[in-house]
């Protein structure tokens, strides 16, 4: 069979291609997206508007748009490729420098956006928690007008919900993590934060997992308290015998006045913690 001749090319392709070559007429003027800010949904809405103004929206958000056939519309085919790369370049101009690393750009503009979306979803839950914690820990002050503080709180909550839906389980996880905001529980905060950071849309947060971590931590605390209690009970019993079986309150009163070394017999009771360095 003889190869197809150039007559198969659409006559209009050379003068009026179905896909015209686009140029950027409206530069990006919005905020640059960074995962650390947790504002992907807001950024996407602004990106859509900018892409529409520049005539390249379909390359990112319209999956039905098909690249013209190179045999019948070679010029339109080439223009489509140029426009797609233009869309990628435009998106990059709307990104913070931290988001350029390992960005997928060799599979087309639609893939590039989907990669950014996937990154945002992976960061979602832990970022939402940070934002909601920030909102809950913001208090009104006489040093700042009340409407200003209110606006900050509302905006922070909005950013948290813009990342994704905050369901009952996620909110419970946020509350549990927030409850550990005390220096004594710092060692427990890290595993809980790590657990939440691994949550995704497909594997959402489950407060049961956090409660198991908290139960394990409580078991350790109980074990330490039991050991301490046994030690101090033995010390109290020893001095009770040394002092001719004086009643226990007498022994504790003597410890208060220094007559009995308080590191061995605490006036706080048998469960108290010894703080004195006195030696027997």
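Numbering (this note's numbering), first residue to last: 52 to 331. Ideal Cβ positions, reconstructed from N, Cα and C, are used throughout, including at glycine.
Residue 270 is classed as exposed because its beta carbon has fewer than 16 other beta carbons within 10 Å across all chains shown. Counting of Cβ neighbours within 10 angstroms places residue 263 among the exposed residues, the total staying below 16. Taking a cut-off of 8 Å for Cβ pairs, the region 222-235 and the region 172-186 touch, as three or more such pairs fall below it.
CA-to-CA, the gap between residue 105 and residue 120 works out to about 24 Å. Pairing residue 148 with residue 165, the inter-Cα distance amounts to about 18 Å.
In the structure shown, residue 146 falls within a strand segment according to DSSP collapsed to helix, strand and coil.
Collapsing the DSSP output to three states places residue 84 in a strand.
In this structure, residue 68 sits near residue 126, with a CB-CB distance shorter than 7 Å. Between residue 108 and residue 145 the beta-carbon gap is near 14 Å, outside 8 Å, which marks them as no contact.
Cβ-Cβ distances below 8 Å link residue 170 to 86, 150 in the same chain, with the five nearest sequence neighbours on each side left out; the list follows chain order. Residues of the same chain with a CB within less than 8 Å of the CB of residue 157, apart from the 5 flanking positions on each side, do not exist. Note on geometry: alpha-carbon atoms of residue 92 and residue 66 lie some 40 Å from one another.
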